[in-house]
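Report on one structure; see the data block that follows.
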Amino acid sequence: MTDQQQPHYYARLKASENRGIGGPPPTTLRAQPDSENDGVDRRRPLTVEKETRRQDWHNMDMSGQGLRNLAPELFKYQFLNELYIASNKLTRLPNAIGELRQLRHLDASYNQIAEIPPEIGMCTYLKNLLLFSNNIQQLPFELGSLHLLEMLGIEGNPLEQDVKHEIMEKGTKSLINALKEGAPIPLAPAHRKPIVIQEDVSPNLERIKVFSWNILCDKYATPQTYGYTPTGALNWEYRKDCILEELRIRDADFLALQEVSTDAFKEDLSPDLAQMDYKGVHWPKSRAKTMSEKDAQSVDGCAVFYKQSKFILLDKQLIEFATIAINRPDM
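Counting from 1, one number per residue, gives the positions in the sequence shown under the UniProt record's numbering.
See below:
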């Protein structure tokens, strides 16, 4: 039995490093990180990250224990950054692995794993995924979502030759990108169920239908920010068609759209929505006032469209919270 197959090898290694003794150097080579993505603003994906309570430990070593299954309770530790389950007798990774979305390092080497669940694609913060010496024959396309992955260890698996060639010749980043771009288009999400707020409304009362949507400005939809998304899905022409189709299906009386750039409002949305009986107004963000006319075209803001066959625009007012706060009499 090699050192790495000893029970709790990684925990003992960490302990010796923390005492200043220093453990043996790693035997695997890491792929070079993508320098273009270092330090980029990932504010959008991070906003959906759930807060976890303070934890004084973030790593778990269950290696070399002869485990055949992983208990469901393990996947309730959603604060875990590192998980070592190497050198066991696991034949599969549970689908619940996708619950551990804070994982940066997952080592499941030296098992008998035959397939990787697609839920692994939910662990988008993974930087190291080690699956050495298993029985994996095919990699799921969902691995393409792991855009921060620096090291994918798949040596010792009966994989197809083109997969082995890709990672050997071009590295982890290239293989992950190939899986992302080659993934089939997923099924459309299920329709949302409407929530009835008030049931006892008289049918004689006049009703209006309002649809609000943040359509994501084109300049924000970058591969650096949304590295887990195929390039084609970020393309504005593709997204514009999807947006217009959704607006057509909803057929609302009023459309309240956010993150609409000036040029998108003038060149794309207004002409196409006019064919659906809509007319609208647009207000860009305040910084557009300090920019040249050309640069201001890319500044996003809010747009409101209304059915011109039902309503007439009599007045429009812009409310800027910053201006209101500055002009308060008690300031």
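Ideal Cβ positions, reconstructed from N, Cα and C, are used throughout, including at glycine.
- With a beta-carbon spacing of about 7 Å, ALA114 and ILE136 fall inside the 8 Å limit used to define contacts.
- Secondary structure note for ALA256: its beta strand (DSSP E) is the uninterrupted segment 254-261.
- Using a 10 angstroms sphere on the CB of PHE265, the tally of other CB atoms reaches 16 or more, which defines it as buried.
- Contact check for ASN157 and LEU126: beta-carbon distance about 18 Å, past the 8 Å limit, so the pair fails to qualify.
- Of all alpha-carbon atoms in LEU175, TYR220 and PHE141, the one lying nearest the alpha-carbon of MET151 is that of LEU175.
- With a 10 Å radius around the Cβ and a threshold of 16 neighbouring Cβ atoms, VAL260 comes out buried.
- Taking C-beta separations shorter than 6 Å and ignoring five residues to either side along the sequence, the partners of TRP283 in its chain run GLY301, CYS302 and LEU318, following chain order.
- Within a 10 Å sphere around the beta-carbon of THR225 sit 16 or more other beta-carbons, which makes this residue buried.
- The three-state reading of DSSP puts SER286 in helix, counting H, G and I together.
- Boundaries of the alpha helix (DSSP H) around TYR238: 236-250.
- With respect to the 8 Å criterion, GLN102 and PHE79 are classified as neighbours on the basis of their beta carbons.
- When DSSP reads this structure, CYS217 sits in no beta bridge, so it has no partner.
- Bounds of the alpha helix (DSSP H) holding HIS165 are 161-170.
- Its chain contains SER261, SER298 and ASP300 as the residues whose beta carbon lies nearer than 8 Å to that of LYS219, once the 5 sequence neighbours on both sides are disregarded; these appear in chain order.
- No Cβ-Cβ contact shorter than 8 Å links LYS316 with ASP277.
- Linking ASP272 to ALA178 through their CA atoms gives a straight-line distance of about 35 Å.
- With 16 or more other CB atoms across the displayed protein chains lying within 10 angstroms of its CB, TYR110 is buried.
- Between CYS123 and the set LEU139, GLN138 and LEU106, the nearest pair of CA atoms involves LEU106.
- Around the beta carbon of ALA322, fewer than 16 other beta carbons lie within 10 angstroms, which makes this residue exposed.
- Using a C-beta cut-off of 8 Å, the region 279-293 makes no contact with the region 232-239, since fewer than three inter-stretch Cβ pairs fall below that distance.
- In the structure shown, PHE305 adopts extended strand secondary structure according to DSSP, grouped into three states.
- Contact between VAL210 and PHE254 holds: their C-beta atoms lie close to 5 Å from each other, under 8 Å.
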